[in-house]
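Novice: In terms of full-length UniProt numbering, the sequence shown is residues 1 to 1063. Even for Gly, the Cβ is constructed at its ideal location relative to N, Cα and C.
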Amino acid sequence: MKRLLDPQSDESLDPFPENDLVLPLSSAGISLAFTFKPQNIASLVLPTIFELGSTYGINPALGLNTPGDISSGRKKIIIEFSSPNIAKEFHVGHLRSTIIGGFLSNLYQGFGYDVTRMNYLGDWGRQYGLLAVGWKKFGSEEQLKANATAHLFDIYVKISALFKPEEEAFKAANRNGQDTSKLESAGLFVEVKAYFKRMEEGDEEALALWRRFRVLSIDKYKKTYARLNIFFDEYSGESQVKPSTMETAEAVMDQLGLTEVDQGAKVVNFKDHGAKKLEKAIVRNRNGTTNYLLRDIGAAIERFDRFEFNRMIYVVMAEQDLHMQRLFKILELMGGRYADIAKKVQHVNFGKVMGMSTRRGTVKFLDDLLNDVGESMHEVMRRNQAKYVLVDQPEKVADILGISAIMVQDMSGKRINDYPFDMERMLSFEGDTGPYLQNAGYSREELVNADFSLLTEKHAIDLIRILAQYPDTVGHTLKTQEPATVLTYLFKLTHKLSSSYEVLRVIGAKEGGETSIARASLYEAARQVLANGMGLLGLTPVDRTEDSGVVVNCFYIDVHNEDRNRIASNLDDESSVVEPIAPANASTNDARTSNGPLAGLQGAIKDNICTDAAIGSPTTCDSKILGPGYVSPYNATVVELLQQAGSIVTGKTNMDEFGMGSHSTHTSFGEVYQLDEKGRKLSVGGSSGGSALAVKDQACDFALGTDTGGSVRLPAAYTGTLGFKPSYGLLSRWGVIAYANSLDTVGILARTMGTIHKVFDVLNQFDPKDPTSMSPRIRSHVKEAFSQPKKVLRIGIPLEYNILELHPTVRSAWLNSLHQISIKLGHTIHPISLPRTKQALSTYYVLAPSEASSNLAKYDGIRYGRRSPNVTDNAEDGYLYAKTRGEGFGPEVKRRILLGAYSLSAEAIDNYFIQAQKVRRLVQQDFDEVFSTPNPLHDTPDHPITPSSSNLSPNIDLILSPTAPTPPPLLSSLSSPSSSSPLNAYMNDVFTVPASLAGLPAISIPALPPSSSSFSSEAPSGNNDQNLKHTQQKIGMQIIGQWGTDNMVLRLAGDIEKMKEME
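1) Per DSSP, which one or two residues make a beta bridge with Ala-281?
2) Check this for me: beta carbons of Met-246 and Thr-289, under 8 Å apart or not?
3) For the segment 31-97, list the alpha helix (DSSP H) runs that are entirely contained and at least 4 residues long, ordered along the chain.
4) Under 8 Å, with one C-beta from each stretch per pair, do the segment 912-932 and the segment 994-1005 reach the 3-pair mark?
5) State whether the segment 141-152 contacts the segment 215-227, with contact taken as three or more CB pairs (one from each stretch) at a distance under 8 Å.
6) Can you say whether Asp-928 is buried or exposed, counting buried as having 16 or more other CB atoms within 10 angstroms of its CB?
7) Is Met-246 helix, strand or coil when you go by DSSP?
8) With a cut-off of 8 Å, do at least 3 Cβ pairs link the segment 217-235 to the segment 190-204?
9) At what residues does the beta strand (DSSP E) containing Ser-842 begin and finish?
10) Can you give me the C-alpha to C-alpha distance between Leu-294 and Val-389, rounded to a whole angstrom?
11) So the beta strand (DSSP E) Ala-604 belongs to, where does it begin and stop?
12) Runs of 3 residues minimum, wholly inside the segment 380-417: which ones carry the beta strand (DSSP E) assignment?
13) I'd like to check one pair, Met-324 with Tyr-314: are the Cβ atoms closer than 8 Å?
14) What is the rounded straight-line gap between the Cα of Ile-466 and the Cα of Lys-824?
15) Mind checking whether Ala-738 and Asn-635 have CB atoms under 8 Å apart?
16) Can you find the residues in the same chain that come closer than 7 Å, C-beta to C-beta, to Asn-310, ignoring five residues on each side of it along the sequence?
17) Our contact map puts Leu-1052 next to Leu-682 with C-beta atoms below 8 Å; I'd like the distance itself, whole angstroms only.
18) Since Met-312 is in the beta strand (DSSP E), which residue starts that stretch and which ends it?
19) Enumerate, from N- to C-terminal direction, the unbroken beta strand (DSSP E) stretches of 3 or more residues contained entirely within the segment 718-788.
20) Could you tell me which residues DSSP puts in a beta bridge with Leu-642?
21) Assuming contact is defined by CB atoms lying nearer than 8 Å, are Ala-848 and Leu-743 in contact in what I supplied?
22) Classify Ala-518 as buried or exposed, calling it buried when 16 or more other Cβ atoms lie within 10 Å of its own Cβ.
23) In angstroms with no decimal places, state the Cα-to-Cα distance between Leu-834 and Asp-926.
24) Which one or two residues does DSSP pair with Thr-290 in a beta bridge?
25) Which residues in the same chain as Lys-220 place their Cβ atom closer than 6 Å to its Cβ, once the five residues preceding and following it in sequence are excluded?
26) Which residue comes first and which comes last in the alpha helix (DSSP H) that contains Gly-651?
27) How would you write the range of the alpha helix (DSSP H) that Thr-149 sits in, first residue to last?
28) Using the Cβ count rule (16 or more neighbours within 10 Å means buried), how would you classify Met-1062?
29) Under 8 Å, with one C-beta from each stretch per pair, do the segment 725-737 and the segment 1040-1049 reach the 3-pair mark?
30) With distances taken Cα to Cα, identify the nearest neighbour of Phe-669 among Gly-298, Ala-645, Gly-710, Thr-619.
31) With distances taken between CB atoms, is the gap from Phe-34 to Arg-117 smaller than 8 Å?
32) Note down the Cα distance separating Ala-773 from Leu-730, rounded to an integer number of angstroms.
33) Would you mind sorting Ile-832 into buried or exposed? The rule is 16 or more other CB atoms within 10 Å of its CB.
34) Can you find at least 3 beta carbon pairs, one from the segment 883-899 and one from the segment 608-628, that sit closer than 8 Å?
35) Would you call the segment 809-824 and the segment 894-904 in contact, with 3 or more CB pairs under 8 Å?
36) Sort out for me which residues DSSP pairs Gln-674 with in a bridge.
The following block contains the structure:
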């Protein structure tokens, strides 16, 4: 709506009278709520699904050159994907490109594009020369006939091992700027280059061997592609690029001054052409042979001349980002028609499958993998003989299901994410293995003409609403190009189906035969939508028709762990999102605010922030006492504000139960973790670990968490993201399930400061429903007092934070960050003292559990949430209460309830709780003494500030410290006997708790990487620069400000972000 609505007046509703489709409108603030009439939605959605069938959800008109004009022809799109290297066994490393490319091909074809599926083989270049040399040394005609690709792969591994020392020496010389000509004129280098030169010069003997290997490889690939339900319109390759095309392109580059000679090779120095980050790239080798960059330039030109495409997508792994950027930039710099090509090409990248390398030979061949998983699936199917006997050709079905398992694992997470090659996870069958949909022999005519008005149950209406969301989901996928978008929707649909079978019975329905037919129609519509979605993903539904006419459609979508921590965003084995929400649902709810300040931004919500049924996800605090199905009757204020601003709520995120934990491992629905470069599980911090990981893995643009003692900042530090805890009382806590009321603060996690700013500006509003929300008068006073930004800031370094337990890498990153802030931003650094820091942690772990023991008393099994199934209705209240809480709460929550209950007991309250409150005031006073601006909440006649002589350099503007004393630990180390004590986990909060006790704004930002001008007095020994850089990506620096100086904190964080980007 373009004008404000008066929530007290009905005039805004006048233009929208009630009709056959929509219930009477209602207003909420400036919003209008449109709700379809449940009794009519079935008659709208189900006939549409039956009418459109396999085309439901797609719009073929989108691919027309002129919308609505079929005679205008279809837009042409080339999708290059898979692209394995010839003479190498097809391995899982190429699987991702194959699956993603197949999905994109199906998607664009469904929307009416003229799609050319192209397999651009790696069949030329120096690596082939290496294989040819290896053939001379290790080749066997007998083994080649027995298993050609396996033998050629074995040769490649052996020759690569011999070549490795020379290659490493060559790379080292290149890095150091040394002349490599001597290295290239000796050993295997000479043989490899000489063989490839013979190929480029048309030597028939060399080409004959190449052709033989190429034909053998393609024949084998086609068989594997057939098992994956993948096909190609064209098998191309580097060898097919015409020399004349490359020579012409090279001449254009020479004429435009794009190339220069460097050590005998022809290069493009991008620094001279406004693209410093792209560095130098060779386009022709020293010995005159071409390289793959020049061949890719020629290939792009030839494809454009031949196909005149509107668009060309390269589905290539993220490790090739630099190469693709160079390719596109060169085409742009060449100008004219070449620049036109550059505008029409796109790189769709993806992460790698970790833990394999062809040159080391540590690879799992895809055919072997498919066979292993298929056999395992067959064994699982045999365990249920009642269903097994219904399946025709069970071996074939098992093979299809095995392939589905592999493809689902690959597509489940964001394509940019890496995931480890994990056979055990692929074969995991924990939870339901997927629904069997049964239609009891009704004819299609009966189903289509059913009386849909009989579908009145809530389960039926909810299921129909999900079916209605499918077109929006697919349309959204056309923008994101993410298979996970469709897969998440299918998970949601199958879960709703699974929960409907007992409620919406078909056979023997007590409501009568007409209702049975209507329900069968509903299931048939769901089957159609599932089939459509699976078809887009390249998954094959398994059908069997019995002589009786009963159709059993087995959709094994949920082929691996159905635990909620695996289903949602991280199915690359980094688990974060608890309950996914279909993007279509979110976008539908958000249509009325599409022009808001957060329009188009996707946000995830921590699972202790209430969301109602319209959002479509329960609120469980990751606890069995509420989970898995508790749905809040209302949205939290912060959720309402996000939706009003146009944000799309994409899901709820996993967490430590009720916010109690530092590693997101104290959960009821699966621990949250990330993977290091070796595939080991690392902590993501807690308790908002799911939110941080969802942001890190780009499952959303931002996420909300809650910060009680560091629960937003610590996860941000451990995941290399940004985590902001505003001043206490600025963001509404209404609708946030309390852990400790006086400490809980809604926080924001994101990847960029721009997003943090946008979300904070939307949420920073007074809420009359929250008694702790700061009044408009205080907000106005603070805004006026801090309106003038300072150019030079005084940055304080608390000496008490330089503790003995501080990891050397963290200390080094701290010093480096201070140095760069001083040198490059011009701010001054000053030592300060916060003497009560040593008591802050123990104070927190008295106060927070005390408040928690009171807040969690409401979970008694009587009013709402879980009730123990092991007690009867006439059991004594005390027994019901104890049994329910004992079974519903996890160990850490129980521990803190006991701590809190003791601290509040008559014999301990004076010595613990009261003393802790006094120390908390002293901690606040420590901060007030060092800041240059007074605390608007504390500096009053009733609470005067008494300066302390202990401070070394008061009147500072902000404080900079590490967020955590160590980099993220391995999860395995947390369970070791030496570190499994809760006290060790509590130590992670030592730097974040003081700001929480004082209610101050604080943000965790990734530590600045070392620069050439940086110093490091304690860099860890034995680490190379790359490992140090990787480690420092998971180290956070914390900026703390006086209460109300949130914008000053964000401004310095933004300046540091810009400085980091310039590096």
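Specialist: Taking the geometry as given:
1) Val-268
2) no
3) 38-52
4) yes
5) yes
6) buried
7) helix
8) no
9) Taken as a continuous stretch (DSSP letters only), Ser-842 belongs to no beta strand (DSSP E), being part of the alpha helix (DSSP H) at 837-855.
10) 58 Å
11) 602-606
12) none
13) yes
14) 53 Å
15) no
16) Lys-75, Lys-76, Ile-77, Lys-344
17) The pair is not a contact, with the Cβ atoms about 28 Å apart (cut-off 8 Å).
18) 311-315
19) 722-725, 745-750
20) None, per the DSSP bridge assignment.
21) yes
22) buried
23) 5 Å
24) Arg-284
25) Thr-149
26) Element bounds for Gly-651: not the alpha helix (DSSP H) but the beta strand (DSSP E), 648-653.
27) 148-175
28) exposed
29) yes
30) Thr-619
31) no
32) In the sequence as displayed, the identity of residue 773 is Ser instead of Ala. When rounded, the distance between both Cα atoms is 6 Å.
33) buried
34) yes
35) no
36) Leu-682
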